[in-house]
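The next block holds one structure in the form of structure tokens; read it before the comments.
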Amino acid sequence: MQIPCPLCGPRDIREFTYKGHATYLDRPAEDAAPEAWHAYLHLRDNPAGATRDLWYHGAGCTAWLVVERDTATHAVTGARLAREVKHAG
Ligand SMILES: [Zn+2]
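This note's numbering applies: residue -19 is where the sequence shown begins, and numbers increase by one.
The structure is reproduced here in structure tokens:
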């Protein structure tokens, strides 16, 4: 399996480290209600299908990526720099 790093091109998945679901980019405000922090830290969907995850390219450019993949087929359909996804709103 390969991940298409936007900076390095397609690379073997062993160069990357999985860091969790991409919802980690949507961190609540420091003064958010405890329920918001509970949802952020503990509640996750477990889809059978399309998902977006954070991956770290530690053996390459050290970029954080948002990788789109299918949990049922393991097909990777895209990857973007996490900093661009975060600032896209
Ligand atoms: Zn890279």
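No residue lacks a Cβ here, since even glycine has one placed at the ideal position from N, Cα and C.
With respect to the 9 Å criterion, residue 30 and residue 48 are classified as neighbours on the basis of their beta carbons. The beta carbon of residue 55 is closer than 7 Å to those of 49 in its chain, skipping five residues each way along the sequence. The beta carbon of residue 41 lies closer than 6 Å to those of -13 and -12 in the same chain, with the five residues before and after it left out. With at least 16 other beta carbons inside 10 angstroms of its own, residue 33 counts as buried. The C-beta separation of residue -2 from residue 7 comes to about 19 Å, leaving the pair out of contact by the 8 Å criterion.
Across the structure, residue 11 and residue 17 are spaced so that their CA atoms are roughly 10 Å apart.
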